[in-house]
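Undergrad: Take this structure, written in structure tokens, and hold onto it; I'll ask about it next.
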């Protein structure tokens, strides 16, 4: 059996992936959150993304644990935070999982 080396991403690629992930999450969450939560999310910038001040710290964390692990962990944390606000948490979980699979396929993350 052949094992591939883990793909290393440059810092610019990591930033692009983080920004794209934030945009996809924001669009998905607009469907499942009530109006007051969507409005609060719009008022706080970078809610689903990474704050500018912590971007360097997050990049180091991603390089340490890997992009796939970071995406999985971030998605799980997001679900835990927002599941109490949604009317159908099971539907949100399934959509988050399918979105994560599509996102990994798009960026060729294993």
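In this note's numbering, the protein residues as written are 469 to 578.
Glycine is no exception: its CB is placed at the ideal position from the N, C-alpha and C atoms.
Values in this document were obtained by computation on a predicted structure and should not be read as measured data.
Just checking my contact of residue 550 with residue 497 at CB under 8 angstroms: how many whole Å lie between their CB atoms?
TA: Between residue 497 and residue 550 the Cβ distance is about 7 angstroms, and since that is below 8 angstroms, they are a contact.
Undergrad: Rounded to whole angstroms, what's the CA-CA distance from residue 533 to residue 540? Just pull it up for me.
TA: Residue 533 and residue 540: Cα-Cα distance of roughly 11 angstroms.
Undergrad: Taking the CB atoms as reference points, tell me whether residue 564 and residue 553 lie closer together than 8 angstroms.
TA: Contact: no.
Undergrad: Can you check which of these residues, 482, 577, 570, is closest to residue 524 by C-alpha distance?
TA: Of 482, 577, 570, the residue nearest in Cα terms is 482.
Undergrad: Closest to residue 480 by CA distance: which of 500, 507, 527 is it?
TA: Nearest C-alpha to residue 480: 527.
Undergrad: Please state if the CB of residue 575 and the CB of residue 486 are separated by a distance shorter than 8 angstroms.
TA: No. Outside cutoff.
Undergrad: Along the chain, where does the alpha helix (DSSP H) that runs through residue 560 open and close?
TA: Start and end: 557-575.
Undergrad: Look at the alpha carbon of residue 507 and the alpha carbon of residue 491, and state the distance between them as a whole number of angstroms.
TA: Approximately 16 angstroms between the Cα atoms of the pair.
Undergrad: Using the beta-carbon count (16 or more within 10 Å), is residue 504 buried or exposed?
TA: Residue 504 is exposed by the Cβ-count criterion.
Undergrad: How many angstroms separate the CA atom of residue 577 from the CA atom of residue 555?
TA: Cα-Cα distance, rounded: 31 angstroms.
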